[in-house]
Structure formats: structure tokens, C-alpha cells
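Participant: Just so you know, UniProt numbering puts 142 at position 142 of the sequence shown, and the rest follows in order with no gaps.
We put the beta carbon where it would ideally sit given N, CA and C, even for glycine.
In this text the structure is predicted, and so the values were computed from the model without any measurement.
Let me give you the structure first, and then I'll get to my questions.
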Amino acid sequence: LLQLILEGEDVGTLGSGGVRALTLAIMISFPLVSVWFTNGPYTQLRYIRIWKQEIGNEGAAAIASLLQASSGVNIAYLELLDCGIGEDGCRAIADVLSLQKAPGLLTLNLDYNLEINDAGVNVLFDGLFNNTALKNIEALTAFRDALIRSKALAHVDFTFNLIEPDGANVLLPALTPENVKLQSFLVDASLPGDLFQQLNRARKAEGKKKGKKGGGKKKKK
């Protein structure tokens, strides 16, 4: 089994309990006698896609357990679309991502989870700062949209997070000059020079104010 795809009403109502049972079934299918066992029914599982199923935060946490090194599977692509996931679900995924080493998750897609607000995006990306495996994260799109909508988020630090040029281009629309509420946005210097210049927004030194040279009213002679 390479792919596990559960979409829409045709598969019935899965819910958080169904996801917990599913992940447990996957993990207990591996014998305990050897961690090098490679012939089980789920050892080749690489892709999980769940769409329009209200698995919620508990379901997301159950799926996150499959991303752990001890799970016996190596999930490379994970899509949880329109699944009612919020901040706590993002935190469960982020906690695992922060510990992952290559080979690990390559693609994460959390589109259409409307409860992932600024707080959910923030905790998710906290986990990414220590992740060296994730290469293509479509959640960058959600993060970009959160940056545009957010009225509170002022400082973002992506230093040492290798988002690569594709990821940088996803984020560019949030870094327009009009977005003055975002005071600093730090990215890794490994990006190409032009992208680095467009994205990187250093924090202004305290107490410094910009102004025109020679500003002020001229004294009348």
C-alpha cells in the first residue's frame, strides 16, 4: 500500500475516533521483534490524503503520530484538506516536525482548514524552524495569507529555515511595501540575492526615525 486516500462522503464519516483507530491499526501491524522489519502491509505507505472529513485536532494529532520515527512508516506526502483542524492540531504536527530528520515529510498541505488562524500558523512554523526534511510546504500559502490578514503579527524569523526560491516566491505577496504592520521578516541568506533583498526586512533600530536629509523648516533670512 503506497497511498491512503479518504475523500468526501463516499467513505462515510471518519471523525477523530476513526482516524485514531486507523493510525493505531497501521502502527500495530508491525511486529515488535525487529525494527528492521520491511514486509508488513504498510511499510511502503508514503502518501496520506484526507479531504472533507471532520477529524479535528484530535485526528490531526493521531496522524502526527505516524510522522514519528518510531511509527514504522515513512510518510512523505501528507494532505489534510478541509478537516476542521485548528491551533492544537497544528501544534501536534509541529511538535513532530521539529524532531524529524531526513528522510521525512516532504510535502504538507493543510488547505481549507479555516480554523487555522494566526496562532495555528505560528505554532506550525515554530516546528519548521528545526526541521531539515520538509522541502515543499503548501502551508506556506496559508502562512502568506495569514500574514496579509493579520493585524497583530509584526515580527517573523525564518533564519535557518531553507524555504528555497519556490517557497520564497510564495511569500513575496505578503511583503509588499503596503504591508507596514509587518515590521521585520528575516529569511536565510542561502536564498538568491534578489529574492533575499525582496523578502528580508530587518528590524529597525530602536529610537531611529527616518526622514529626509536636511529636513525641517528653513529659517527665513
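Ignore the nearest five residues each way along the sequence and tell me which others in F125's own chain have a CB closer than 7 Å to its CB.
Facilitator: As a position in the sequence shown, residue 125 is number 125, starting the count at 1. Hits under 7 Å: F143.
Participant: In terms of residue numbering, what span does the alpha helix (DSSP H) encompassing V121 cover?
Facilitator: Along the sequence shown, read from residue 1 onward, the residue named residue 121 stands at position 121. 118 to 128 is the extent of the alpha helix (DSSP H) around V121.
Participant: How about E79 and V123: do their beta carbons lie closer than 8 Å?
Facilitator: Taking the first residue of the sequence shown as position 1, residue 79 is located at position 79. Taking the first residue of the sequence shown as position 1, residue 123 is located at position 123. In this structure, V123 does not lie closer than 8 Å to E79 by Cβ.
Participant: Just mark S16 as buried or exposed, buried being the case when its beta carbon has 16 or more other beta carbons within 10 Å.
Facilitator: For the purposes of this step, residue 16 is identified with residue 16 of the sequence shown, where counting begins at 1. Flag for S16 reads buried.
Participant: Report, in whole angstroms, the separation of the C-beta atoms of P165 and L195, which I expect to be a contact under 8 Å.
Facilitator: As a first step, residue 165 must be located in the sequence shown, where it is residue number 165. As a first step, residue 195 must be located in the sequence shown, where it is residue number 195. The Cβ separation is near 6 Å, so the contact holds.
Participant: For L175 versus Q198, is the C-beta spacing smaller than 8 Å?
Facilitator: Numbered from its first residue, the sequence shown carries residue 175 at position 175. Numbered from its first residue, the sequence shown carries residue 198 at position 198. Yes, they are a contact pair.
Participant: To the nearest angstrom, how far is the alpha carbon of P192 from that of P177?
Facilitator: As a first step, residue 192 is located in the sequence shown; it is residue number 192 there, counting from the start. As a first step, residue 177 is located in the sequence shown; it is residue number 177 there, counting from the start. Those two C-alpha atoms are separated by around 20 Å.
Participant: Tell me whether the beta-carbon of L81 lies closer than 8 Å to the beta-carbon of Y112.
Facilitator: In the sequence shown, the residue the question calls residue 81 occupies position 81. In the sequence shown, the residue the question calls residue 112 occupies position 112. A contact, by the Cβ cut-off of 8 Å.
Participant: Could you pull out every residue in the same chain whose Cβ sits closer than 7 Å to the Cβ of I5, ignoring the five residues on either side in sequence?
Facilitator: Here residue 5 is taken as the residue at index 5 of the sequence shown, counted from 1. Only R49 meet the Cβ criterion.
Participant: Does the beta-carbon distance from L171 to L140 come in below 8 Å?
Facilitator: For the purposes of this step, residue 171 is identified with residue 171 of the sequence shown, where counting begins at 1. For the purposes of this step, residue 140 is identified with residue 140 of the sequence shown, where counting begins at 1. Going by C-beta atoms, L171 is nearer than 8 Å to L140.
Participant: On the CB-based measure, 16 or more other CB atoms within 10 Å of its CB, does G84 come out buried or exposed?
Facilitator: Start at 1 with the first residue of the sequence shown, and residue 84 comes out as number 84. That one is buried.
Participant: Mind checking whether L99 and I55 have CB atoms under 8 Å apart?
Facilitator: Here residue 99 refers to the residue found at position 99 when the sequence shown is read from its first residue. Here residue 55 refers to the residue found at position 55 when the sequence shown is read from its first residue. No. Outside cutoff.
Participant: If I measure Cβ to Cβ from W36 and keep anything under 6 Å in the same chain, skipping five residues before and after, which residues do I get?
Facilitator: Against the sequence shown, residue 36 aligns to sequence position 36. Confidence at W36 is low in this model, with a pLDDT of 42, below 50, so its placement is unreliable and no value can be given for it.
Participant: Looking only at its chain, what residues have a beta carbon closer than 8 Å to the beta carbon of L66, apart from the 5 residues adjacent to it on each side?
Facilitator: For the purposes of this step, residue 66 is taken as the residue at position 66 of the sequence shown. The residues are T23, I26, M27, I48, V73, I75.
Participant: Would you kindly check if the distance between the Cβ of A119 and the Cβ of A92 is under 8 Å?
Facilitator: Here residue 92 refers to the residue found at position 92 when the sequence shown is read from its first residue. Here residue 119 refers to the residue found at position 119 when the sequence shown is read from its first residue. No; because the gap between Cβ atoms is not below 8 Å, this pair is not in contact.
Participant: Closer than 7 Å by C-beta to Q68: which residues in its own chain qualify, once you throw out the five before and the five after it? Chain order, please.
Facilitator: Numbered from its first residue, the sequence shown carries residue 68 at position 68. Answer for Q68: V96, listed in chain order.
Participant: For Q3, write down the residues that DSSP places opposite it in a beta bridge.
Facilitator: Taking the first residue of the sequence shown as position 1, residue 3 is located at position 3. DSSP output for Q3 lists Y47 as bridge partner(s).
Participant: Does the separation of the CB atoms of K52 and E115 fall below 8 Å?
Facilitator: In the sequence shown, the residue the question calls residue 52 occupies position 52. In the sequence shown, the residue the question calls residue 115 occupies position 115. Against a cut-off of 8 Å, the Cβ pair of E115 and K52 comes out as no contact.
Participant: Only counting the same chain, and skipping five residues up and downstream in sequence, which positions put a Cβ closer than 6 Å to that of G167?
Facilitator: In the sequence shown, the residue the question calls residue 167 occupies position 167. Cβ within range, chain order: L140.
Participant: Mark F160 as exposed unless 16 or more other C-beta atoms lie within 10 angstroms of its C-beta, in which case mark it buried.
Facilitator: Along the sequence shown, one-based indexing puts residue 160 at 160. By the neighbour-count rule (16 or more Cβ atoms within 10 Å), F160 is not buried but exposed.
Participant: Tell me the start and end of each unbroken beta strand (DSSP E) in the region 142 to 195 that is at least 3 residues and wholly inside, in chain order.
Facilitator: Fully enclosed beta strand (DSSP E) runs of 3 or longer: 155 to 158, 184 to 187.
Participant: Determine the burial state of L2: buried for a count of at least 16 other Cβ atoms within 10 Å of its Cβ, exposed for fewer.
Facilitator: The sequence position of residue 2 within the sequence shown is 2, counting from 1. That one is exposed.
Participant: Going by DSSP in three states, L114 sits in which element: helix, strand or coil?
Facilitator: On the sequence shown, residue 114 is found 114 positions in, with the first residue counted as 1. If DSSP states are grouped into helix, strand and coil, L114 belongs with coil.
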